[in-house]
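Below is one structure, written out as structure tokens, with a few remarks after it.
Number of protein chains: 2
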Amino acid sequence: MAIVVPFGSQPEPSIERLVSLVSADMERVNAMILSRTGSDVLMIPEVANHLISSGGKRLRPMLTLATAALTGYSGTGHIKLAASVEFMHTATLLHDDVVDESELRRGKATARMVWGNEASVLVGDFLLGQAFKMMVEVESLRCLGILSAAAAVIAEGEVMQLAAAKKLDTTEDAYLAVIRGKTAELFAAACEVGPVLASRSAAEQAACRSFGMNLGIAFQLVDDGLDYGGSRAALGKNVGDDFREGKITLPVILAFRRGNGDEREFWRRALEAGETSDKELDHAAELLVKHRALEDTIERARHYGAIAKDALALFPHSEAKQALLQVVDFCVARAH
Amino acid sequence: MAIVVPFGSQPEPSIERLVSLVSADMERVNAMILSRTGSDVLMIPEVANHLISSGGKRLRPMLTLATAALTGYSGTGHIKLAASVEFMHTATLLHDDVVDESELRRGKATARMVWGNEASVLVGDFLLGQAFKMMVEVESLRCLGILSAAAAVIAEGEVMQLAAAKKLDTTEDAYLAVIRGKTAELFAAACEVGPVLASRSAAEQAACRSFGMNLGIAFQLVDDGLDYGGSRAALGKNVGDDFREGKITLPVILAFRRGNGDEREFWRRALEAGETSDKELDHAAELLVKHRALEDTIERARHYGAIAKDALALFPHSEAKQALLQVVDFCVARAH
Chain A
1 MAIVVPFGSQ PEPSIERLVS LVSADMERVN AMILSRTGSD VLMIPEVANH LISSGGKRLR
61 PMLTLATAAL TGYSGTGHIK LAASVEFMHT ATLLHDDVVD ESELRRGKAT ARMVWGNEAS
121 VLVGDFLLGQ AFKMMVEVES LRCLGILSAA AAVIAEGEVM QLAAAKKLDT TEDAYLAVIR
181 GKTAELFAAA CEVGPVLASR SAAEQAACRS FGMNLGIAFQ LVDDGLDYGG SRAALGKNVG
241 DDFREGKITL PVILAFRRGN GDEREFWRRA LEAGETSDKE LDHAAELLVK HRALEDTIER
301 ARHYGAIAKD ALALFPHSEA KQALLQVVDF CVARAH
Chain W
1 MAIVVPFGSQ PEPSIERLVS LVSADMERVN AMILSRTGSD VLMIPEVANH LISSGGKRLR
61 PMLTLATAAL TGYSGTGHIK LAASVEFMHT ATLLHDDVVD ESELRRGKAT ARMVWGNEAS
121 VLVGDFLLGQ AFKMMVEVES LRCLGILSAA AAVIAEGEVM QLAAAKKLDT TEDAYLAVIR
181 GKTAELFAAA CEVGPVLASR SAAEQAACRS FGMNLGIAFQ LVDDGLDYGG SRAALGKNVG
241 DDFREGKITL PVILAFRRGN GDEREFWRRA LEAGETSDKE LDHAAELLVK HRALEDTIER
301 ARHYGAIAKD ALALFPHSEA KQALLQVVDF CVARAH
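Chains A and W are the protein sequences, given in the same order.
Under the numbering used here, the first residue of the first sequence carries the number 1, and numbering increases by one thereafter.
Under the numbering used here, the first residue of the second sequence carries the number 1, and numbering increases by one thereafter.
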């Protein structure tokens with residue numbers, strides 16, 4: 001007879017295996033990040049470190065380090081590439097906060113609230129330049145190609161999101177194209193450069209890329225769910241920010257399509273015409289519950305998480321592989 | 001007995017020799033630019049081409065083509081590098097207009113006035129990503145190093161300018177550091193990659209870089225003079241934009257330092273406290289005349305132009321060399 005373990009006593013999914021796997025390398029990445037934000041122009045390290053030291057998980061550079069470990073890379077290029085990936089991410093966040101007019105990020109005032117939009121735009125540009133300098137130093141044209149292509153695709157995804165804003169006729173496919181670009185592409189690139197540095201087979205490079213891409217999609221789906229279902233403490237930003245900005249995310253797409261005429265009218269008034277007070281946010285949350293829109297958003301995330309895990313099937317058992325698989329569970333479980 | 005030629009009958013300096021030298025290559029660069037602004041995200045080519053097709057001289061990519069010709073490069077890499085240089089420049093302009101809240105550029109409404117700050121920031125990021133993709137395709141790590149370093153230095157110069165804004169105690173040296181970064185560095189990089197592609201000696205690479213750097217400084221000095229002394233038609237922007245934004249440029253630095261107590265008080269009220277109506281702009285222009293601040297700004301430009309010309313002295317006579325020397329005269333003569 002099997003012993004029934006109540007759900008509550010299962011270990012909470014975490015990324016601790018990943019953190020411990022890459023901890024030595026991550027110290028070198030952090031030192032690299034610190035040294036490359038330095039500039040005689042004092043405003044640059046000030047603005048950059050405000051965000052960089054704000055307690056982000058540094059998930060993306062850890063993925064680069066872990067896929068390098070998974071594929072047996074023994075050089076040092078992964079350190080600079082991991083730092084580049086984090087700089088690209090940080091530059092995107094600085095620009096995003098300007099684009100979204102955000103006031104809060106990771107529980108702190110955004111850089112643009114402290115130093116202004118100008119500084120956020122320009123320091124983002126500086127970090128992007130520094131990222132490319134570090135990549136060039138690694139001297140791998142393949143890795144340069146992967147990461148520079150990612151930079152263009154990320155911006156493309158962001159513009160796509162801007163064009164889709166306040167448009168409730170956005171399809172689930174169009175939404176997926178946005179999050180593939182703005183989020184998943186950098187996860188994919190971060191995971192692909194590891195096996196490329198290690199000169200592994202095209203199949204293994206593609207497997208790591210696929211792992212990153214699908215993990216990134218799952219990650220963003222959960223993030224978009226949390227914007228309606230999370231707490232400010234867990235989010236590090238205000239619940240309902242997407243709602244107030246008129247962002248069309250999957251929970252909304254599902255509730256809108258499944259809703260009746262009155263409900264669709266409500267969504268139009270809220271997201272297209274901008275009636276987004278707390279009263280409307282409460283009503284939006286009710287409609288999401290009524291149509292199981294958050295559950296199904298997480299269900300979709302679970303689907304992409306499963307693809308990510310299967311992508312790694314061709315690698316034999318290893319601590320690096322287990323750590324990467326655990327990251328998928330963690331990203332999906334953030335939803336609870 | 002020498003014939004005295006009156007100044008007025010001398011041919012007006014132009015860049016026609018440069019234009020005709022690189023015209024065949026430039027057609028390929030223009031086709032490359034057009035194809036690389038393409039995207040399924042329609043807003044991207046729209047925003048990018050608004051600025052790219054607005055009649056800029058494309059001086060920077062022409063410099064890349066001309067220095068490649070000067071140093072006998074016979075491959076095709078200079079086409080993509082020239083297009084990359086123009087994309088880097090365009091990305092900078094899109095971001096600058098957001099930072100400066102500019103309404104007019106090359107005589108047209110700025111992209112941010114038509115599509116908003118968000119689109120300007122993101123399409124700038126897209127063009128920067130596309131620039132790096134093209135550079136990587138050329139497969140020269142040296143050229144990648146030069147251009148990625150330039151990207152970081154340009155942003156550094158812009159942040160420096162932001163930090164110096166409205167600060168009348170800015171020294172001429174600090175001002176020079178700003179324009180070296182924000183303008184001259186890209187001229188230098190644009191000129192350096194030609195001889196690098198052609199695998200010429202370090203001395204020739206350094207000569208081309210020095211030519212570009214000093215030409216860029218002269219170019220920006222004249223630009224800063226024109227902001228007070230030019231016409232709206234010649235500038236493609238409003239006269240006095242720098243004044244209204246509180247930008248501390250060399251004409252102001254000279255007039256402030258040479259001025260008496262009352263005059264310094266005026267500059268403080270105008271540029272630090274923001275009293276910049278047309279009346280103040282007229283008075284500023286009077287003070288610039290009184291202290292010969294515009295003449296001496298152009299005199300400084302002439303000095304850097306002379307250094308640029310001497311930098312090319314080690315190259316034998318050629319049509320490419322003559323075309324590059326003429327560019328210096330053109331840049332300085334724009335002041336008249």
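Note that beta-carbon positions come from the ideal geometry of N, C-alpha and C, so glycine has one too.
Check, Outcome
"W/Val153 at chain A interface by Cβ criterion, 9 Å", "yes"
"Beta bridge counterpart(s) of W/Arg105 as assigned by DSSP", "W/Lys108"
"Minimum C-alpha distance to A/Thr92 - residue among W/Ser277, W/Gly216, W/Leu215, W/Asp125", "W/Asp125"
"Beta carbon proximity, A/Thr92 to chain W, threshold 9 Å", "yes"
"Distance CB(A/Leu168)-CB(A/Leu271) smaller than 9 Å", "yes"
"Closest residue to W/Gln330 among W/Ala111, W/Ser74, W/Asp223 (Cα-Cα distance)", "Note that residue 330 of chain W corresponds to Phe in the displayed sequence, not to Gln. Nearest of W/Ala111, W/Ser74, W/Asp223 to W/Phe330, Cα basis: W/Asp223."
"Span separating the alpha-carbon of W/Thr90 from that of W/Leu127", "8 Å"
"Complete runs of the alpha helix (DSSP H) confined to the region 202–279 of chain W [at least 4 residues]", "202–229, 232–235, 241–245, 250–258, 261–267"
"Within chain A, the residues that W/Gly129 reaches when beta carbons sit closer than 9 Å", "Leu128, Ser148, Ala149, Ala150, Ala151, Ala152, Val153, Ile154, Ala155, Glu156"
"Nearest-angstrom Cα separation, counted from A/Gln161 out to A/Gly176", "Here residue 176 of chain A is Leu; the residue named in the question, Gly, does not match the sequence. Taking the straight line from one Cα to the other gives about 10 Å."
"Contact with chain A by W/Phe7, beta-carbon distance below 9 Å", "A caution first: W/Phe7 carries a pLDDT of 45, below 50, which makes its placement in the model unreliable, though a value can still be read off. Taking Cβ atoms only, chain A never reaches closer than 9 Å to W/Phe7, which makes this a no."
"Element boundaries [alpha helix (DSSP H), containing A/Val99]", "77–100"
"Given 8 Å, three or more beta-carbon pairs between the region 16–23 of chain W and the region 41–56 of chain W", "no"
"Opening and closing residue of the alpha helix (DSSP H) in which A/Tyr73 lies", "From DSSP, A/Tyr73 is part of no alpha helix (DSSP H); its letter is neither H nor E."
"Length of the line joining the Cα atoms of W/Val5 and W/Arg302", "With a pLDDT of only 40 at W/Val5, under 50, the local geometry of the prediction cannot be trusted, and the value read off the model is given with reservation. Computed Cα separation, rounded: 22 Å."
"Distance CB(A/Val252)-CB(A/Ala284) smaller than 9 Å", "yes"
"Of the residues A/Ser14, A/Leu51, A/Leu141, A/Ala335, the one placed nearest A/Gly225, counting alpha carbons only", "A/Ala335"
"Closer than 9 Å to chain W by CB, A/Val123", "yes"
"Residue closest to A/Ala311, alpha-carbon to alpha-carbon, out of A/Ile248, A/Arg209, A/Thr37", "A/Arg209"
"Option nearest W/Phe187 by Cα separation, candidates W/Lys166, W/Ala202, W/Ala149, W/Ala164", "W/Ala149"
"Alpha-carbon to alpha-carbon, W/Lys247 and W/Phe256", "13 Å"
"At least 3 beta-carbon pairs within less than 8 Å: the region 181–196 of chain A vs the region 65–82 of chain A", "yes"
"Nonlocal neighbours in the same chain, by C-beta distance under 7 Å from W/Ile154, ignoring five residues either side", "Thr92, Gly181, Lys182, Glu185, Leu186"
"Host alpha helix (DSSP H) of A/Ile298 (start-end)", "293–311"
"Contact set between A/Glu139 and chain W, taken where Cβ atoms lie within less than 7 Å", "Leu141"
"Beta-carbon contacts of W/Ala165 that lie in its chain and below 8 Å, excluding the five residues immediately before and after", "Glu245, Gly246, Lys247, Ile248"
"Under the three-state DSSP convention, the category W/Val153 falls into", "helix"
"DSSP three-state assignment for W/Leu42, whether helix, strand or coil", "coil"
"Pair within 9 Å by beta-carbon distance, W/Phe211 and W/Lys309", "yes"
"Best match in A/Gly77, A/Arg300, A/Glu280 for proximity to A/Ile254 [C-alpha to C-alpha]", "Inspection of the sequence shows that residue 254 of chain A is occupied by Leu rather than by Ile. Here the closest residue by C-alpha is A/Arg300."
"Range covered by the alpha helix (DSSP H) that runs through A/Pro195", "185–197"
"Nearest neighbour of W/Thr171, chosen from W/Ala131, W/Ser53, W/Leu250, W/Val328 [CA to CA]", "W/Leu250"
"Cβ pair A/Glu103, A/Asn238 closer than 9 Å", "yes"
"Nearest candidate by alpha-carbon position, reference A/Glu86, set A/Gly157, A/Leu34, A/Lys321, A/Val327", "A/Leu34"
"Below-9 Å beta-carbon distance, A/Gly246 vs any chain W residue", "no"
"Opening and closing residue of the alpha helix (DSSP H) in which A/Ser20 lies", "16–21"
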